[in-house]
Amino acid sequence: MILLTPSSGFFQCTNKLFLSDQATGLHIKEFARKNAANALSVSNMVMGMASILSSLNGHHHAACWLVLIGYLLDLADGAVARRLDACSALGAKLDDFADFTTFGIATSLLLRTADLLDNFLCMCYVLSVFVRLCFFSSGIPFMYRGLPCIYSSAILASASLLSGGNMAVLRVIAVAMILFMISHNFYPHDRVLESQAWKKVVYAGGVVMVFCSSFPPACLPPAHLGEVRLPDLLLLPTAMEDSS
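Read in the numbering used here, the sequence shown has 243 at position 172, and its numbers run on one by one without any break.
This is the structure:
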């Protein structure tokens, strides 16, 4: 009887190939773990740049929604980095650049009009976000000093959607947000609030309100509707009778 024994060299090559495939898979998983949060930060920056282009092209509604999407990506960025233990110096820099793009420049353009004072308010808002990101560190674990710019931007974008772009409302809110951002008051970190049920209720209510902004009854009258004069309204029934 003849026994056919497989070559040991063939099995060694197969084993090496299998081990190299395993090592490659582990490297890919480790790369994905370390850069998942960074990918979210880059996505946040892309949303900010898209919002800037939308504002410059007159698509105000889309610009607001892109800022809000960037807000959600920024929240996910921090949560993913903590969950995967993937915090790094590169991630912190990417997060700051993305925040300045989306919550500084893009959000300030929601306040932009042809009026000189509105343009000055835009510059003040960008400077306040810059100061907030560069110099405000509480030194206390799980605490912010000054209102984080992501919350200010989310409030402004939501107010813009809910008010139909009413500039009087946006000016008041923008000034308040600037004062909150450069104040020395302390605010709890996201990690402290993540386990609290009331935060989820507030988020759910905010989402419902923003989605309702697509319907006219949920919006305040836009600024141009305030130009309708009372005599014009009084003459409206007469005009309707003449047309009939």
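All C-beta atoms, glycine included, are put in the ideal place defined by N, C-alpha and C.
None of the values given here were measured: they were computed from a predicted structure.
Under the Cβ criterion (8 Å, minimum of three pairs), the segment 191 to 210 counts as touching the segment 162 to 182. Nearest in C-alpha terms to Asp167, of all of Ile249, Glu101 and Ala108, is Ala108. For the pair Leu204 and Thr95, the Cα-to-Cα distance works out to about 38 Å. Ranking Ile99, Leu192, Pro219 and Ser231 by CA distance to the CA of Val246 puts Leu192 first.
Spatial neighbours of Asn190 in its own chain (CB-CB distance under 7 Å, excluding positions within 5 residues in sequence) are listed in chain order as Arg183. Remark: C-beta atoms of Asn115 and Leu144 approach each other more closely than 7 Å.
One Cα belongs to Val240, the other to Ala150, and the distance between them is close to 32 Å. In the same chain as Phe251, and ignoring 5 residues on each side of it, the C-beta atoms closer than 6 Å to its own belong to Leu218, in chain order. In the three-state reduction of the DSSP assignment, Arg154 falls in the helix class. Leu181 and Ala133 have their C-alpha atoms roughly 11 Å apart.
Boundaries of the alpha helix (DSSP H) harbouring Ile244: Met238 to Met252, taken from the DSSP string. The C-alpha of Tyr142 is placed about 20 Å away from the C-alpha of Ala157.
One thing to note: Ala177 has its Cβ within 7 Å of the Cβ of Gly119. Distances from the alpha-carbon of Leu139 to those of Leu187, Ala228 and Val202 put Ala228 closest. In the displayed model, Arg183 falls within coil according to three-state DSSP, outside both helix and strand. Taking all protein chains in view, the Cβ of Ile249 is crowded by 16 or more other Cβ atoms within 10 Å, so the residue is classified as buried. Taking C-alpha positions only, Tyr215 is separated from Phe257 by approximately 5 Å. Across the structure, Val243 and Leu111 are spaced so that their CA atoms are roughly 32 Å apart.
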